[in-house]
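Beneath this line is the structure, given in structure tokens, with notes to follow.
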Amino acid sequence: MATNSALVVLANLMKTGANSDLVFECNGHEFKVHRLVVLDQSPVVKAALSPYWKEGQGNTIDMNAFDPQTVGRLVQYLYTGDYSESDDDYRNIDIGKGMMPLLCVAFCVANQLMPKIQASPATDSKSPPPVRVPTPKALSTHIKVNAIGDYYAITKLMSLANSKITDLFPKVRKGVVFCNVEPPAWVMGLPSAAKLAIESTGDMQLLEIIAAETAANISALTVSDDLKNMEDMSDFAFKVIKNCAVEIQRHVRLNIALGNQCARHVQKIAELEKKITEGEAREKLNNKTIEGLNERLLTGQSLFGPQKKRKTTGSGYY
19 MATNSALVVL
29 ANLMKTGANS
39 DLVFECNGHE
49 FKVHRLVVLD
59 QSPVVKAALS
69 PYWKEGQGNT
79 IDMNAFDPQT
89 VGRLVQYLYT
99 GDYSESDDDY
109 RNIDIGKGMM
119 PLLCVAFCVA
129 NQLMPKIQAS
139 PATDSKSPPP
149 VRVPTPKALS
159 THIKVNAIGD
169 YYAITKLMSL
179 ANSKITDLFP
189 KVRKGVVFCN
199 VEPPAWVMGL
209 PSAAKLAIES
219 TGDMQLLEII
229 AAETAANISA
239 LTVSDDLKNM
249 EDMSDFAFKV
259 IKNCAVEIQR
269 HVRLNIALGN
279 QCARHVQKIA
289 ELEKKITEGE
299 AREKLNNKTI
309 EGLNERLLTG
319 QSLFGPQKKR
329 KTTGSGYY
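Counting from 19, one number per residue, gives the positions in the sequence shown under the working numbering.
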């Protein structure tokens with residue numbers, strides 16, 4: 019984490035709201051922010067603060083369409099380039115992302131908070147993140163962040179939320195299909211997530227991510243009414259999807275049976291190859307023996323080796 023004074027100043031400004039010249043209002047909550055940090059990242063907020071709009075006269079942006087936790091994550095992102103899934107106070111987050119030195123220099127110099135700042139690049143730990151089990155709540159959190167990013171045209175925030183959603187899903191499935199096993203909660207929550215995404219954001223990349231994950235778990239989802247009861251799901255479409263799921267399950271079982279059959283054939287082939295190898299070894303030994311016998315015959319040697327001569331005596335029978 020970067021420890022230079024510029025980052026410390028910016029962290030304190032986000033946490034305390036000191037010298038704030040802009041307020042995000044959300045259902046009774048006020049988020050004190052700074053124009054220099056916000057306006058360059060959101061063209062929508064920048065346009066709303068023009069003199070021709072009510073917000074421009076009162077320096078307040080109405081964000082009542084979102085929940086306070088989502089607005090807090092938006093503020094986290096604007097100041098740090100990242101946001102937390104936790105519902106704790108949005109100000110409790112570490113500063114030190116790669117984008118922060120530039121924002122800090124611009125902010126501090128413009129407001130003469132510091133005479134001169136030499137911003138050093140933030141260090142980034144390369145240790146792998148801990149493996150987490152996806153939950154419906156986490157999925158909903160990131161969809162809401164994508165939605166607020168879409169509303170205020172903060173494309174990098176939308177991409178970040180999509181990246182976090184993608185990281186929630188298993189990377190390797192190994193052919194697992196929830197046929198006779200109760201699927202995890204996050205799988206059964208996909209229809210609700212799709213409904214939330216369709217209603218709250220126009221980001222086609224997000225819809226593509228959720229659609230792909232829904233399709234990957236379609237066999238499990240067709241046994242639930244959540245998918246069937248979606249407003250955008252007609253009875254005919256659901257019947258088609260359900261039959262596709264049945265066909266997928268049939269192919270999965272067929273592939274398993276074929277895999278077992280192939281394994282048996284591979285074992286038989288291995289046994290036959292072993293017998294062939296042993297037969298070739300015996301044949302080689304027999305050929306070597308025959309060659310030795312032929313060589314003895316050609317040289318006039320006895321097949322049974324050298325014979326001892328019998329001793330004879332001088333006496334005999336007449």
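Virtual Cβ for every residue (Gly too), placed ideally from N, Cα, C.
Remember, it's a predicted structure, so these values are computed and weren't measured experimentally.
Cβ pair residue i, residue j closer than 7 Å
{"i": "residue 59", "j": "residue 166", "result": "no"}
{"i": "residue 227", "j": "residue 183", "result": "yes"}
{"i": "residue 202", "j": "residue 248", "result": "no"}
{"i": "residue 40", "j": "residue 77", "result": "yes"}
{"i": "residue 63", "j": "residue 55", "result": "no"}
{"i": "residue 224", "j": "residue 164", "result": "yes"}
{"i": "residue 285", "j": "residue 237", "result": "no"}
{"i": "residue 97", "j": "residue 175", "result": "no"}
{"i": "residue 240", "j": "residue 263", "result": "yes"}
{"i": "residue 66", "j": "residue 73", "result": "yes"}
{"i": "residue 211", "j": "residue 157", "result": "yes"}
{"i": "residue 68", "j": "residue 50", "result": "no"}
Delimiting residues of the alpha helix (DSSP H) encompassing residue i
{"i": "residue 160", "result": "154-169"}
{"i": "residue 172", "result": "Per DSSP, residue 172 belongs to no alpha helix (DSSP H) and is neither H nor E."}
{"i": "residue 206", "result": "203-206"}
{"i": "residue 237", "result": "236-239"}
{"i": "residue 317", "result": "Counting along the chain, residue 317 falls outside any alpha helix (DSSP H), and DSSP gives it neither H nor E."}
{"i": "residue 243", "result": "243-246"}
{"i": "residue 95", "result": "86-98"}
Simplified DSSP assignment, three categories, for residue i
{"i": "residue 80", "result": "strand"}
{"i": "residue 47", "result": "strand"}
{"i": "residue 30", "result": "helix"}
{"i": "residue 284", "result": "helix"}
{"i": "residue 290", "result": "helix"}
{"i": "residue 57", "result": "coil"}
{"i": "residue 36", "result": "coil"}
{"i": "residue 121", "result": "Confidence at residue 121 is low in this model, with a pLDDT of 48, below 50, so the placement of that residue is unreliable and no value is reported for it."}
Continuous beta strand (DSSP E) stretch holding residue i: start and end
{"i": "residue 62", "result": "Looking at the DSSP string, residue 62 is not in any beta strand (DSSP E); the run it does join, the alpha helix (DSSP H), is 61-66."}
{"i": "residue 189", "result": "Note, residue 189: premise wrong, no beta strand (DSSP E); not H, not E."}
When the options are compared against residue i, the one with the closest alpha-carbon
{"i": "residue 155", "options": "176, 205 and 188", "result": "205"}
{"i": "residue 48", "options": "68, 88 and 54", "result": "88"}
{"i": "residue 85", "options": "311, 280, 43 and 153", "result": "43"}
{"i": "residue 83", "options": "317, 68, 286 and 168", "result": "168"}
{"i": "residue 36", "options": "46, 53 and 45", "result": "53"}
{"i": "residue 153", "options": "295, 178 and 103", "result": "103"}
{"i": "residue 187", "options": "216, 234 and 314", "result": "234"}
{"i": "residue 230", "options": "189, 219 and 265", "result": "189"}
{"i": "residue 159", "options": "261, 200, 222 and 92", "result": "92"}
{"i": "residue 180", "options": "283, 100, 314 and 302", "result": "100"}
{"i": "residue 61", "options": "170, 298, 105 and 46", "result": "170"}
{"i": "residue 246", "options": "316, 213, 75 and 293", "result": "213"}
{"i": "residue 80", "options": "46, 70 and 105", "result": "46"}
{"i": "residue 232", "options": "316, 207, 216 and 70", "result": "207"}
{"i": "residue 33", "options": "75, 90 and 70", "result": "90"}
{"i": "residue 200", "options": "215, 242 and 281", "result": "242"}
Residue-level contact to chain C via CB, residue i, 7 Å cutoff
{"i": "residue 217", "result": "This model lacks chain C altogether, as it is built from one protein chain only."}
Any non-hydrogen atom of the ligand FMN closer than 6 Å to residue i Cβ
{"i": "residue 265", "result": "Ligands in the displayed structure: none, and consequently the ligand FMN is not present."}
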